[in-house]
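The structure appears right after this line, and notes come after that.
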Ligand SMILES: Nc1ncnc2c1ncn2[C@@H]1O[C@H](COP(=O)(O)OP(=O)(O)OP(=O)(O)O)[C@@H](O)[C@H]1O
Ligand SMILES: [Mg+2]
């Protein structure tokens, strides 16, 4: 199972206009779509589309539209309740393809809410240590109704009030098959929507952090998850990425998925020079920057390079993959799809070149789809991705 964390989720509302946007005027939308958004949510969506077990962990109002949108899409999820409504990101598209985005600031997460979210993630990943675990959340399995999950004393809504004694997971509600699910007491994996009772194969920590969450939170989570035997992938940028790297090697994940800009944020290099070199076929600066991360304890670096494909660097070697020619429609979700492709291949036990091949196939599959659409396996073409071993 692939568990994803989206600390800063959104409800993505897209309004398609029938004509050009009239600034200051009244605009009429031809169609409006509402989708759950956020990078970890996207990864879980792609894994689910591929028919593989996934679980999206996120802070959300169990009765709110974000959870409803996830349930509508059939994406298994586990939500830590929040007092505030999810942010809405608005996209306005014009017939000529012009896209205008208005993103709300992230909804602040209190220290207590972040702690509950972390415990929920540890429990969902099956990486808990069993000590003073306190979490309450709501999960929806497949297309079933909501399943309330509470563990420890947090059922009373008081995180941290657990006595540390025998942890209890109680699930009631409607499972994937519409049947009532009641599991009590249980271990972390009991009653898991994916059916996987022995924890996550991989945990992906994706995207930005909401206001109120300490900037080094991903580092703390990575350490705890790895200590519990979980494999961890991180895809983030800016301050949370730099804070994570400041905690290497203790906080080094098994996989880091930077794009060229994020790799430059870590290596101190010039992102445009890195990208230009890669576009011109010179991958040495990318591989060099990735190898420095390996020296700091990172297990593998999947550096995605937009239309130039991606590079995978591990202790076993370095490989580059070039996507097949595609008709570029929208790169929204390309990076998340690339990470999902890697993880799908990794969980299937595929080797490093195959993981890279799938990453690029899924990324380019997303780039070939319009708007926010994410690729199904039949919309990817791994056989046409060219993978070469680098010196
Ligand atoms: N223009 C393109 N043509 C073909 N494939 C593309 C293009 N842009 C992106 N991709 C595919 O998607 C993958 C990820 O893209 P990119 O490096 O842009 O990720 P990212 O910057 O992390 O994206 P995101 O905005 O989703 O975080 C690439 O490795 C490639 O396979
Ligand atoms: Mg990205």
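Residue numbers (this note's numbering): 28 to 418. Every residue, glycine too, gets a C-beta built ideally from N, C-alpha and C.
Practice prompt. Within the same chain, show all residues whose beta-carbon is closer than 7 Å to that of residue 320, passing over the 5 residues directly before and after it, in chain order.
Written response: 283, 293, 328
Worksheet item: Alpha carbon to alpha carbon, how far is residue 406 from residue 392?
Response: 6 Å
Discussion item. I'd like to check one pair, residue 30 with residue 152: are the Cβ atoms closer than 8 Å?
Written reply: yes
Fill in: Proximity test, residue 23 beta-carbon vs ligand 1 heavy atom, cut-off 7 Å
The chain is shown from 28 up to 418; residue 23 falls before or after that span and cannot be answered.
Worksheet item: What residues in its chain sit with their C-beta under 6 Å from that of residue 127, if we drop five residues either side in the sequence?
Response: Within the same chain, and ignoring the five residues on either side of residue 127 in sequence, the residues whose Cβ sits closer than 6 Å to its Cβ are 119.
Worksheet entry | residue 116 (DSSP reduced to helix, strand or coil) | strand
Worksheet entry | Spatially closest choice to residue 390 from 411, 399, 398, 364, by CA coordinates | 364
Worksheet item: Is it the case that the CB of residue 262 approaches a heavy atom of ligand 3 more closely than 7 Å?
Response: With respect to ligand 3, the structure shown offers nothing to examine, as its ligands consist of ligand 1 and ligand 2.
Item to complete: Return yes when the C-beta of residue 362 is under 7 Å from any heavy atom of ligand 2, and no when it is not.
Response: Within 7 Å of the C-beta of residue 362 there is at least one heavy atom belonging to ligand 2.
Practice prompt. Report the residue from 317, 281, 276, 311 whose alpha carbon sits nearest the alpha carbon of residue 289.
Written response: With distances taken between Cα atoms, residue 289 lies closest to 317.
Fill in: Within the stretch 257-296, ranges of the beta strand (DSSP E) (whole runs, at least 3 residues)
Taking only runs of at least 3 residues, the beta strand (DSSP E) segments lying wholly in the stretch 257-296 are 258-262.
Item to complete: Just confirm the distance between the C-beta atoms of residue 387 and residue 337, as a whole number of angstroms; I'd bet it's less than 8 Å.
Response: Between the beta-carbon of residue 387 and that of residue 337 there is about 5 Å, and that keeps the pair under the 8 Å contact cut.
Item to complete: Helix, strand or coil for residue 250, going by three-state DSSP, please let me know.
Response: When secondary structure is reduced to three states using DSSP, residue 250 falls in the helix class.
Worksheet item: How many whole angstroms separate the CB atoms of residue 149 and residue 86, which I take to be in contact at a CB cut-off of 8 Å?
Response: Not quite, the Cβ-Cβ distance comes to about 15 Å (not below 8 Å), so this is no contact.
Worksheet item: Excluding sequence positions up to five away, which residues of its chain have a Cβ less than 7 Å from the Cβ of residue 408?
Response: 351, 388
Worksheet entry | DSSP state of residue 121 mapped onto helix, strand, coil | Judged by DSSP in its simplified three-state form, residue 121 adopts coil rather than helix or strand.
Discussion item. Tell me the DSSP secondary structure of residue 32 in three-state form.
Written reply: strand
Worksheet item: Nearest to residue 95 by alpha carbon, out of 339, 112, 227?
Response: Check the Cα spacing between residue 95 and each of 339, 112, 227: the tightest is with 112.
Practice prompt. Determine the burial state of residue 129: buried for a count of at least 16 other Cβ atoms within 10 Å of its Cβ, exposed for fewer.
Written response: exposed
Fill in: Host beta strand (DSSP E) of residue 232 (start-end)
229-233
Worksheet entry | residue 82 burial status per 10 Å Cβ neighbour count (16 or more: buried) | Result: buried.
Worksheet item: Is it the case that the Cβ atoms of residue 32 and residue 235 are separated by a distance below 8 Å?
Response: no
Worksheet item: Roughly how many whole angstroms lie between the Cα atoms of residue 415 and residue 348?
Response: 6 Å
Discussion item. Tell me the rounded alpha-carbon separation between residue 237 and residue 69.
Written reply: 17 Å
Fill in: Outcome for residue 47 when other beta-carbon atoms lying within 10 angstroms are tallied against a minimum of 16
exposed
Worksheet item: Between residue 402 and residue 396, which are expected to be in contact by the criterion C-beta below 8 Å, what is the C-beta distance as a whole number of angstroms?
Response: 6 Å
Worksheet item: What residues in its chain sit with their C-beta under 8 Å from that of residue 312, if we drop five residues either side in the sequence?
Response: 296, 300, 301, 304, 305.
Worksheet item: Does ligand 2 have a heavy atom nearer than 7 Å to the CB of residue 286?
Response: Yes - ligand 2 has a heavy atom lying nearer than 7 Å to the Cβ of residue 286.
Discussion item. Using only the alpha-carbon positions, how far apart do residue 41 and residue 63 sit?
Written reply: 11 Å
Item to complete: Scan the stretch 72-107 and note each continuous beta strand (DSSP E) run of 3 residues or more that stays entirely inside, going in chain order.
Response: 81-86, 104-107
Item to complete: Identify whether residue 403 lies in helix, strand or coil by the three-state DSSP scheme.
Response: Coil at residue 403, not helix or strand.
Discussion item. Let's test the definition: count the other Cβ atoms within 10 Å of the Cβ of residue 133 and tell me whether it reaches 16, buried, or not, exposed.
Written reply: With 16 or more other Cβ atoms within 10 Å, it is buried.
Worksheet entry | Cβ-based neighbour list, residue 267, same chain, cut-off 6 Å, excluding 5 preceding and 5 following | By the criterion of a C-beta distance shorter than 6 Å, residue 267 is surrounded in its chain by 236, 242, 245, once the five residues flanking it on both sides are discounted.
Item to complete: Please work out which residues of its chain come closer than 7 Å, Cβ to Cβ, to residue 43, disregarding the five sequence neighbours upstream and downstream, and give them in chain order.
Response: Closer than 7 Å at the Cβ level, and outside the excluded window around residue 43, lie 56, 57, 58, 120.
Worksheet item: How would you label residue 138, buried or exposed, when you count the other beta carbons within 10 angstroms and need 16 or more for buried?
Response: exposed
Discussion item. Among the candidates 385, 380, 376, whose CA atom is the shortest distance from the CA of residue 340?
Written reply: For residue 340, the nearest C-alpha among the options comes from 380.
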